[in-house]
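Reviewing the structure listed below.
Numbering (this note's numbering), first residue to last: 15 to 426.
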């Protein structure tokens, strides 16, 4: 079974978590007898075709799209993606299904669906209304309308948590029974890395210090400012704590100023964007990993931390609330509360036995419930159900119509 995946990001180019999730998913799909074909953006000359681990990857040049802002860029990128995907579908005429990943590929996915009369499924990883607590202004309305159109045009919708299922149904007016929940996963073997513990820790902290780690975008929805607000209280009980922040975003300078104004800048290190191997090493030298998000549909970094054996402290919100069992495999704290976060982090830093128990339980949980093999089997079952419905539907074109549509697509 050939499946066409559309995603604006895919390694080595990564912005959020979609690229990493898609890389792990498609690698696992190959093991299930699926032949994944990915159409994605190419940057800095990294364009063309690549065949990696059984996955076909087609990259088109997205570097020089003339646009004044990201939203204009995204709309033009969608047209280029559709053109490239038409070339790919004309080459692979036996593609059975189109799988779209988030709103940035909505226009391309919907166009391909109607050009080739193939069923289209979408994974909605997050919602614009959730990122900003509502829809205000033309740009947010544009994204919201694309999310709604993508959901409407999809044969079925995949999301990664019950929280997201409720959000999609309410925000996009989608029937409850059109949405399937399949969590993201983590490849434990992929998270392993060889390194010298002492040498690595020396890059970020003194030997006696305990690292409190955060990785993610430096944006409002991620709640990094809540960590900054918690630092003074954490240091009262754990003066040997050191706070390492990895990631980029529009709030970076503001967060540094907050730390300086609070008198704790010397206890913080902002390392910016980091490569995957650096991330794995940072997880393993940390005493605790924290995600204080205001909005978090799933929280893949929590799973990655758990797979690396570091205790997690997370906000009791969104998908994080479903991933972590309080005081069993992690600590959950009140959202929007620096005081509660300080309590949770201090609890782990002050109790080695608790930290060891939490991390051990979390690792076993990843092995049992968040492995990609089981996830791809569930997704393949949904694919098969869709194809059965499609085959018996009036919407499936006849052979004669298909030839006409393929001829038209060649002129796109």
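Each residue gets a CB set at the ideal place from its N, CA and C atoms; glycine is no exception.
*How long is the line joining the alpha carbons of residue 112 and residue 192, rounded to whole angstroms?*
Reading the chain shown from its first residue, position 98 is the one you call residue 112. Reading the chain shown from its first residue, position 178 is the one you call residue 192. If you draw a straight line from the Cα of residue 112 to the Cα of residue 192, it is about 17 Å long.
*Inspect the CB distances between the stretch 335-347 and the stretch 254-261 and report whether three or more fall short of 8 Å.*
These segments do not touch.
*Go to residue 64, then tell me how far its beta strand (DSSP E) extends in each direction, as first and last residue.*
For the purposes of this step, residue 64 is taken as residue 50 along the chain shown, with counting starting at 1. Residue 64 -> beta strand (DSSP E) spans 62-66.
*Spell out a yes or no on whether the stretch 200-218 and the stretch 230-249 are touching, meaning 3 or more CB-CB pairs, one atom from each, closer than 8 Å.*
Below 8 Å, too few C-beta pairs join the stretch 200-218 and the stretch 230-249 to call them touching: fewer than three.
_CB contact flag (residue 99, residue 35, <7 Å)_ = Counting from one through the chain shown, the residue named residue 99 turns up at place 85. Counting from one through the chain shown, the residue named residue 35 turns up at place 21. Inclusion of residue 99 and residue 35 in the CB contact set at 7 Å is not warranted, their separation being larger than that value.
*Taking the continuous beta strand (DSSP E) assigned at residue 72, which residues delimit it?*
Residue mapping note: residue 72 aligns to position 58 of the chain shown, counting from 1. Start and end: 69-75.
*Where does residue 26 fall in DSSP's three states?*
As a first step, residue 26 must be located in the chain shown, where it is residue number 12. Three-state DSSP puts residue 26 in coil, outside helix and strand.
*Do you know how far the Cα of residue 387 is from the Cα of residue 48?*
Residue 48 sits at position 34 when you count from the first residue of the chain shown. Residue 387 sits at position 373 when you count from the first residue of the chain shown. Approximately 12 Å between the Cα atoms of the pair.
*Under 8 Å by Cβ, that's how I've got residue 165 and residue 138 pegged, so tell me the actual separation to the nearest angstrom.*
For this step, residue 165 is matched to residue 151 along the chain shown. For this step, residue 138 is matched to residue 124 along the chain shown. The beta-carbon separation of residue 165 and residue 138, rounded to 7 Å, stays under the 8 Å limit for a contact.
*On the three-state DSSP scale, how would you describe residue 316?*
Counting from 1 along the chain shown, the entry for residue 316 is found at position 302. Collapsing the DSSP output to three states places residue 316 in a helix.
_Checking 7 Å against the spacing of the C-beta atoms, do residue 110 and residue 16 come in under that value?_
Here residue 110 refers to the residue found at position 96 when the chain shown is read from its first residue. Here residue 16 refers to the residue found at position 2 when the chain shown is read from its first residue. Yes, the pair counts as a contact, with Cβ atoms nearer than the cut-off.
*Since residue 173 is in the beta strand (DSSP E), which residue starts that stretch and which ends it?*
Position 159 of the chain shown holds residue 173. Run containing residue 173: 171-173, per the beta strand (DSSP E) assignment.
*Spatial neighbours of residue 136 within its chain, please: CB distance less than 6 Å, with the 5 preceding and 5 following residues excluded, ordered by chain position.*
Residue 136 sits at position 122 when you count from the first residue of the chain shown. If we look at residue 136 and ignore the five residues flanking it on each side, its Cβ neighbours are 114, 164, 168 and 171.
*Taking the C-alpha atoms as reference points, what is the distance between residue 209 and residue 215?*
Here the question's residue 209 lines up with position 195 in the chain shown. Here the question's residue 215 lines up with position 201 in the chain shown. In this structure, the CA atom of residue 209 is about 10 Å from the CA atom of residue 215.
*Within this structure, are the beta carbons of residue 285 and residue 226 separated by less than 7 Å?*
Here residue 285 refers to the residue found at position 271 when the chain shown is read from its first residue. Here residue 226 refers to the residue found at position 212 when the chain shown is read from its first residue. No, the pair does not count as a contact, with Cβ atoms beyond the cut-off.
*Counting along the chain, where does the alpha helix (DSSP H) carrying residue 127 start and finish?*
On the chain shown, position 113 is the one that residue 127 refers to. Per DSSP, the continuous alpha helix (DSSP H) segment holding residue 127 begins and ends at 120-130.
*Which partner residues of residue 155 appear in the DSSP bridge assignment?*
For the purposes of this step, residue 155 is taken as the residue at position 141 of the chain shown. Answer by DSSP bridge pairing: none, since residue 155 is not bridged.
*Locate the alpha helix (DSSP H) running through residue 100, then write down its first and last residues.*
Here residue 100 corresponds to residue number 86 of the chain shown, with the count starting at 1. According to the DSSP assignment, residue 100 belongs to the alpha helix (DSSP H) that extends over 84-105.
*Which stretch, first to last residue, makes up the beta strand (DSSP E) that contains residue 397?*
Here residue 397 corresponds to residue number 383 of the chain shown, with the count starting at 1. Per DSSP, residue 397 belongs to no beta strand (DSSP E); it is in the alpha helix (DSSP H), 386-405.
*Can you give the Cα-Cα distance for residue 57 and residue 81, rounded to whole angstroms?*
Within the chain shown, residue 57 is the residue found at index 43, counting from 1. Within the chain shown, residue 81 is the residue found at index 67, counting from 1. Roughly 16 Å between the two C-alpha positions.
*First through last residue of the beta strand (DSSP E) which encompasses residue 177*: Translated into positions along the chain shown, residue 177 becomes position 163. In the DSSP assignment, residue 177 falls outside any beta strand (DSSP E) and within the unbroken alpha helix (DSSP H) covering 176-186.
*Report the residue from 156, 32, 61 and 74 whose alpha carbon sits nearest the alpha carbon of residue 97.*
Taking the chain shown and counting its residues from 1, one reaches residue 97 at position 83. It is 74 whose Cα lies nearest to the Cα of residue 97.
_Check this for me: beta carbons of residue 404 and residue 133, under 7 Å apart or not?_
The count along the chain shown starts at 1 and reaches residue 404 at position 390. The count along the chain shown starts at 1 and reaches residue 133 at position 119. Taking 7 Å as the Cβ cut-off, residue 404 and residue 133 qualify as a contacting pair.
*Under the three-state reduction of DSSP, which class applies to residue 247: helix, strand or coil?*
Indexing the chain shown from 1 puts residue 247 at position 233. The answer is helix: DSSP assigns residue 247 an H, G or I state.
*asked:* Short of 7 Å in beta carbon distance, which residues of its chain neighbour residue 380, apart from the five on each side in sequence? Order them along the chain.
replied: As a working mapping, residue 380 is identified with position 366 in the chain shown. Within the same chain, 200, 202, 317, 320 and 321 come within 7 Å of residue 380 by CB-CB distance, once the 5 residues on both sides are set aside.
_My output table needs one value for residue 220: the three-state DSSP class, helix, strand or coil._
Walking along the chain shown from the start, residue 220 turns up at place 206. Correct three-state label for residue 220: coil.
*State the Cα-Cα distance for the pair residue 151 and residue 83, rounded to the nearest angstrom.*
The residue labelled residue 151 in the question sits at position 137 within the chain shown. The residue labelled residue 83 in the question sits at position 69 within the chain shown. Roughly 15 Å between the two C-alpha positions.
*So, are the CB atoms of residue 306 and residue 240 less than 7 Å apart?*
To locate residue 306, count along the chain shown from 1; it is residue 292. To locate residue 240, count along the chain shown from 1; it is residue 226. Residue 240 is positioned such that its CB atom lies closer than 7 Å to that of residue 306.
*Endpoints, beta strand (DSSP E) assigned at residue 202*: For the purposes of this step, residue 202 is taken as the residue at position 188 of the chain shown. Unbroken run through residue 202: none, as it is neither H nor E.
_Tell me the DSSP secondary structure of residue 282 in three-state form._
In the chain shown, the residue the question calls residue 282 occupies position 268. Strand at residue 282.
*Simplified DSSP assignment, three categories, for residue 414*: Translated into the one-based positions of the chain shown, residue 414 becomes position 400. With a pLDDT of only 42 at residue 414, under 50, the local geometry of the prediction cannot be trusted, and the value read off the model is given with reservation. Helix, per DSSP.
_Measuring alpha carbon to alpha carbon, tell me which residue in 289, 297, 243 and 190 is nearest residue 273._
Here residue 273 corresponds to residue number 259 of the chain shown, with the count starting at 1. The shortest C-alpha separation from residue 273 is found at 243.
*Quick one: what's residue 136 bridged to in DSSP?*
Against the chain shown, residue 136 aligns to sequence position 122. According to DSSP, which records beta bridges pairwise, residue 136 is partnered with 114 and 171.
_For residue 303, list the residues DSSP reports as bridge partners._
Translated into the one-based positions of the chain shown, residue 303 becomes position 289. BP columns for residue 303 point to 227 and 326.
_Which listed residue (283, 101 and 121) has its alpha carbon closest to that of residue 160_ = In the chain shown, counting from the first residue as 1, residue 160 sits at position 146. For residue 160, the nearest C-alpha among the options comes from 121.
*Go ahead and label residue 19 buried or exposed: buried means 16 or more other beta carbons lie within 10 angstroms of its beta carbon, across all protein chains shown.*
By 1-based counting over the chain shown, the position of residue 19 is 5. When all chains shown are included, residue 19 counts as buried.
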